[in-house]
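Enquirer:
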Amino acid sequence: MKQDITTLWDLSEERIQYLFARALELKKQHRENRRDLPLAGRSVGLMFDKPSTRTRVSFEAAMIQLGGVPMFISVKDTQIARNEPVEDTSRVLSRYLDALVVRTFSQKFMEDLAASADIPVINALTDLYHPCQILSDLLTVLEARGDLSGARIAWIGDGNNVAHSWINAAAILGFNLTLACPATHMPEGFILEKARQEGRGDIRVVNDPAEAAEGAHVIYTDVWASMGQESEQHQREKAFAGFTVDQRLVDLASPDVIVMHCLPAHRGEEITHEVLEGERSVVWDQAENKLHMHKAILEALVLTWR
Ligand code: CP
Ligand code: NVA
Numbered sequence: 001m002k003q004d005i006t007t008l009w010d011l012s013e014e015r016i017q018y019l020f021a022r023a024l025e026l027k028k029q030h031r032e033n034r035r036d037l038p039l040a041g042r043s044v045g046l047m048f049d050k051p052s053t054r055t056r057v058s059f060e061a062a063m064i065q066l067g068g069v070p071m072f073i074s075v076k077d078t079q080i081a082r083n084e085p086v087e088d089t090s091r092v093l094s095r096y097l098d099a100l101v102v103r104t105f106s107q108k109f110m111e112d113l114a115a116s117a118d119i120p121v122i123n124a125l126t127d128l129y130h131p132c133q134i135l136s137d138l139l140t141v142l143e144a145r146g147d148l149s150g151a152r153i154a155w156i157g158d159g160n161n162v163a164h165s166w167i168n169a170a171a172i173l174g175f176n177l178t179l180a181c182p183a184t185h186m187p188e189g190f191i192l193e194k195a196r197q198e199g200r201g202d203i204r205v206v207n208d209p210a211e212a213a214e215g216a217h218v219i220y221t222d223v224w225a226s227m228g229q230e231s232e233q234h235q236r237e238k239a240f241a242g243f244t245v246d247q248r249l250v251d252l253a254s255p256d257v258i259v260m261h262c263l264p265a266h267r268g269e270e271i272t273h274e275v276l277e278g279e280r281s282v283v284w285d286q287a288e289n290k291l292h293m294h295k296a297i298l299e300a301l302v303l304t305w306r
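Sequential numbering from 1 applies to the sequence shown in our numbering.
1. Relative to the C-alpha of ALA23, which residue among LEU66, VAL44, HIS273 is closest?
2. Would you kindly report the start and end of the unbroken beta strand (DSSP E) that includes ARG196?
3. Can you round the beta-carbon distance between LEU173 and LEU148 to whole angstroms, since I take them to be within the 8 Å contact cut?
4. Short check: CB of ALA154 to CB of ILE203, under 8 Å?
5. Indicate the three-state DSSP secondary structure (helix, strand or coil) for ASP119 in the structure shown.
6. Could you have a look at ALA216 and say whether DSSP puts it in helix, strand or coil?
7. Rounded to whole angstroms, what's the CA-CA distance from LEU97 to ASN123? Just pull it up for me.
8. Hey, is ASP127 close to the ligand SAM, as in C-beta under 7 Å from one of its heavy atoms?
9. Among MET260, VAL218, MET1, GLY157, which has the Cα closest to the Cα of ILE119?
10. Output the residue ranges of the beta strand (DSSP E) runs that lie fully inside the region 207–264 and measure 3 residues or longer, sorted by chain position.
11. Taking C-beta to C-beta, are LEU8 and MET47 nearer than 8 Å?
12. Going by C-alpha distance, which of ARG15, LEU303, SER226 is nearest ALA265?
13. Nearer than 7 Å: is that true of the beta carbon of PRO255 relative to any heavy atom of the ligand CP?
14. Please confirm whether ALA183 and ASN207 have their CB atoms less than 8 Å apart.
15. Assess, as a yes-or-no matter, whether the region 206–220 is touched by the region 244–251 under the definition of 3 or more beta carbon pairs within less than 8 Å.
16. Mark VAL282 as exposed unless 16 or more other C-beta atoms lie within 10 angstroms of its C-beta, in which case mark it buried.
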């Protein structure tokens with residue numbers, strides 16, 4: 001049966017561990033300039049309805065480096081924009097492509113595509129989740145710490161799509177996650193509830209960034225206004241006052257803390273220039289790991305897990 005990644009819950013812990021190991025192997029191969037072409041003759045569609053730099057280019061480069069061909073599909077240029085049903089689109093694309101990577105607004109749109117497609121569908125960000133981001137981020141944490149057991153992750157900022165995928169990951173893999181969010185911008189209750197009922201992570205939500213940062217091994221933040229929330233920018237700047245990741249917060253963390261941001265960053269809002277460019281920041285390695293993880297994901301979904 002095909003393997004989709006609409007949320008991290010689609011993957012077993014065993015499969016996530018496989019992706020970490022395979023991505024690390026592929027990274028080593030890349031460093032040594034060894035290139036196998038396991039996806040030669042294969043094609044993957046990248047259907048995007050929101051802007052992207054890292055996710056789009058790393059999936060495209062991943063596919064090319066594996067010997068296959070990526071095809072960028074701008075949703076506004078498809079017949080979906082003229083109301084062709086999602087189910088018709090996905091059944092047709094399944095006849096042409098080997099997998100579909102989708103960035104869009106609605107999680108339901110993504111899940112409807114996955115349900116009616118015969119090919120694997122990969123969530124490259126929706127309003128609700130960003131699962132592939134957290135898979136590559138965890139690779140960066142593994143490289144820094146060796147393993148995830150005992151890791152204390154602090155999320156500082158909006159209870160958004162990236163935060164939701166962190167909650168899912170903590171539940172599936174069983175690490176300690178403390179999210180500090182303003183009371184007005186907490187993670188979705190149903191996501192926390194499922195994580196606590198079905199998962200095994202130690203997940204806490206607080207309203208004080210210092211409480212989350214204290215002793216943390218990872219401090220993670222993201223923009224205050226996500227794509228689609230641009231009109232709320234001004235109001236959000238007020239709501240998130242005091243939530244900037246600055247040196248004071250970093251000093252509260254473990255001495256070996258790494259600072260992470262999925263990027264793009266707004267210096268002076270959710271993170272200071274000093275911290276983003278500082279010695280504890282791993283954001284550029286984090287961005288690179290998207291390439292290696294996306295290769296592992298494409299190879300596994302197209303070739304192995306069928
Ligand atoms: N982190 C991330 O998803 O970046 P892009 O929006 O540039 O793809
Ligand atoms: N939360 C951000 C992540 C960007 C990669 C957004 O959805 O815009």
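For each residue, glycine too, the CB sits at the ideal point set by N, CA and C.
Expert: According to the data block:
1. LEU66
2. ARG196 -> not in any beta strand (DSSP E); alpha helix (DSSP H) instead, spanning 189–198.
3. 6 Å
4. no
5. Here the sequence assigns Ile to residue 119, which means Asp is not the residue at that position. Residue state, collapsed to three classes: coil.
6. coil
7. 16 Å
8. As for the ligand SAM, it is missing from this structure, which binds only the ligand CP and the ligand NVA.
9. When only C-alpha atoms are compared, the closest one is MET1.
10. 218–221, 258–261
11. no
12. SER226
13. no
14. In this structure, ALA183 places its C-beta atom within 8 Å of the C-beta atom of ASN207.
15. yes
16. buried
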